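Enquirer: Mind having a look at this structure? Questions to follow.
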Amino acid sequence: MERLLRGHPLRTVSVDGASAEFVTDAALVRRILVKDGKHYTKGELFQKARILSRAGLLAQDDALHRHYRRLAHPYLRTTAVAGHAPVMEEIARDTAALWRPGQPVDVQAEMCRAASGIALNTLFGALPRETSNVLGAHLAALSWEMIRKPLYGKAARSPRPSQRLAGAFTGFRTLLASCVAGRLGSPAASGDHLSALLADTGPDGTAALSADQICDEAVMMLTAATVTTASVMSWALYLLAEDPLVEEKVLKDLAQTTAAHPGTATGAGVRPGHGQGPPGYALRFLMEVLRLYPPVWITCRKTLSDVTLGEHALPAGTHVMFSSYLLHRDPDRYPHPHRLDPDRWLSLRPTALDASYIPFGAGARGCVGEAFAWKELEILLGAVAREWQLTLPPGTRVRAAAHTTLHPQRLHMLPQPR
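In structure tokens:
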């Protein structure tokens, strides 16, 4: 991708026989996402969540998308995330506590398990432990299949998902539908995202979404929260193992943060660019992980009307693509772009003025769960890194796989107690 597209601000490409304009200039990407966002809608070349939902946040209609974004926001904003932290910490510790010294750990499967438990117990409220465990296991299985779902090629074009993905989806959705049905009689019983979906009404006062649509929206939210976190945390633990000096600095920062905030696994969980002064080393490390391996690594939009993008006139219906992976490795913005360097964020700051750092997207369709994700990543990193030193088995070579998320193709590691 870098070799073929670098140096071309906008270049025509083909994806599965469909023509698209590939944009590599950060200023033009910002124009697509922010300044001229109303002239673009979701593209159709990569249907990452096609089998999950077409309602709510994934609706093509911008007004409907904004409505369900507002509905989710109270449970994902920074102040709400602080209340979720104890649940996140408990699930993160419980996940790592099951590991055994010297016994290989499938890191991606374990991170799916932890992230699924966190998503369920924060967005759905307190669940009975047995219900949470069963739902979590099925959500983790679905998330792992979604992570590996191809974005293009024959398998992606097929109207039917793979047998494993279809089975995982059906298994989780059937269980979730039972939980939704049990809550239909008391939609305002608890202050969580599911209750908000159940209580939502249309102009005539009737339920805005059917039970099936509520279930689809819940599946989408839970799966999206799980797959992205699991992919990022897998890379984070791999990169720690690969660079002992970075690992040492992360551990030192985590220890200092714990001392400054006794009784919690992490500190304030400030989003980058929203706090006073430069972020701490552990947060800078996570920023660098997301720069190198953004989970949503490629995106497609489609023009709703004739637009001008830079010096190019694009007719309505044009597919426009860009890659956060490529933007994040621009040598003009990031010297030695392939190097892990958390300290680059001492002088750099994520900014809304361009799109050179967009691990969570930008504009009206940017990730509504960004604050939630930063806190979750910080807690998971602390829970694992403080208790375990993870190493790769001798001779292991880890490769990146560009599927629904950008994830390690296979990542088994050996844990040893600190």
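For any residue, its number in the working numbering is found by taking its place in the sequence shown, counting from 1, and adding 5.
We put the beta carbon where it would ideally sit given N, CA and C, even for glycine.
None of the values given here were measured: they were computed from a predicted structure.
1. Which value, in whole angstroms, describes the spacing of the CA atoms of residue 114 and residue 145?
2. Tell me where the alpha helix (DSSP H) around residue 235 begins and ends.
3. With the cut-off set at 9 Å, would you say residue 382 and residue 237 are in Cβ contact?
4. DSSP beta-bridge partners for residue 422?
5. Note down the Cα distance separating residue 97 from residue 233, rounded to an integer number of angstroms.
6. For my contact list, residue 7 and residue 17 are in at a C-beta cut-off of 8 Å; report their separation, rounded to the angstrom.
7. Within a Cβ cutoff of 7 Å, which residues of the same chain sit near residue 411, ignoring the five residues on either side of it in sequence?
8. Mind checking residue 361: buried by the 16 CB within 10 Å criterion, or exposed?
9. Give me the Cα-Cα distance between residue 408 and residue 140, rounded to the nearest whole angstrom.
10. Give the range of the beta strand (DSSP E) segment to which residue 314 is assigned.
11. Residue 317 to residue 156, Cα distance in whole Å?
12. Determine, for residue 132, whether the minimum Cβ-Cβ distance to residues of chain C falls below 9 Å.
13. According to DSSP, simplified to helix, strand and coil, what is residue 18?
14. Quick check: the Cα distance between residue 129 and residue 218, rounded to an integer number of angstroms?
15. Identify whether residue 401 lies in helix, strand or coil by the three-state DSSP scheme.
16. Alpha carbons only, please: which of 326, 253, 109 is nearest the one belonging to residue 419?
17. For the beta strand (DSSP E) that contains residue 318, what are its first and last residues?
18. Using 8 Å as the Cβ pair cut-off and three pairs as the minimum, do the stretch 26 to 43 and the stretch 282 to 297 touch?
19. Can you look up residue 352 in the DSSP assignment and give me helix, strand or coil?
20. Quick check: what's the CA-CA separation for residue 22 versus residue 229?
21. What residues in its chain sit with their C-beta under 6 Å from that of residue 120, if we drop five residues either side in the sequence?
22. Per DSSP, residue 200 is paired with what?
23. How long is the line joining the alpha carbons of residue 77 and residue 385, rounded to whole angstroms?
Expert: According to the data block:
1. Distance between the alpha carbons of residue 114 and residue 145: 7 Å.
2. For residue 235, the enclosing alpha helix (DSSP H) starts and ends at 216 to 247.
3. It is a contact, given that the beta carbons lie within the stated cut-off.
4. According to DSSP, which records beta bridges pairwise, residue 422 is partnered with 393.
5. Those two C-alpha atoms are separated by around 16 Å.
6. Their Cβ separation, rounded to whole angstroms, is 18 Å, which puts residue 7 and residue 17 out of contact at 8 Å.
7. Excluding its 5 nearest sequence neighbours in each direction, residue 411 has C-beta neighbours in its own chain below 7 Å: 236, 298, 299, 300, 302, 330, 405, listed in chain order.
8. Buried: at least 16 other Cβ atoms inside 10 Å.
9. Each residue's alpha carbon lies about 24 Å from the other.
10. Note, residue 314: beta strand (DSSP E), 312 to 314.
11. In this model, residue 317 and residue 156 are separated by some 27 Å (Cα to Cα).
12. Among the protein chains of the structure shown there is no chain C, as only one such chain exists.
13. DSSP places residue 18 in strand when its eight states are reduced to three.
14. Using only the alpha carbons, I get a separation of about 16 Å.
15. Residue state, collapsed to three classes: coil.
16. It is 109 whose Cα lies nearest to the Cα of residue 419.
17. Taken as a continuous stretch (DSSP letters only), the beta strand (DSSP E) holding residue 318 covers 317 to 319.
18. Taking 8 Å as the limit for Cβ pairs, the verdict is that the stretch 282 to 297 does not touch the stretch 26 to 43.
19. In this structure, residue 352 counts as coil in the three-state DSSP scheme.
20. Their Cα atoms are separated by approximately 28 Å.
21. Hits under 6 Å: 231, 234, 235.
22. Residue pairing by DSSP places residue 200 in no beta bridge whatsoever.
23. In a straight line, the C-alpha of residue 77 is about 23 Å away from that of residue 385.
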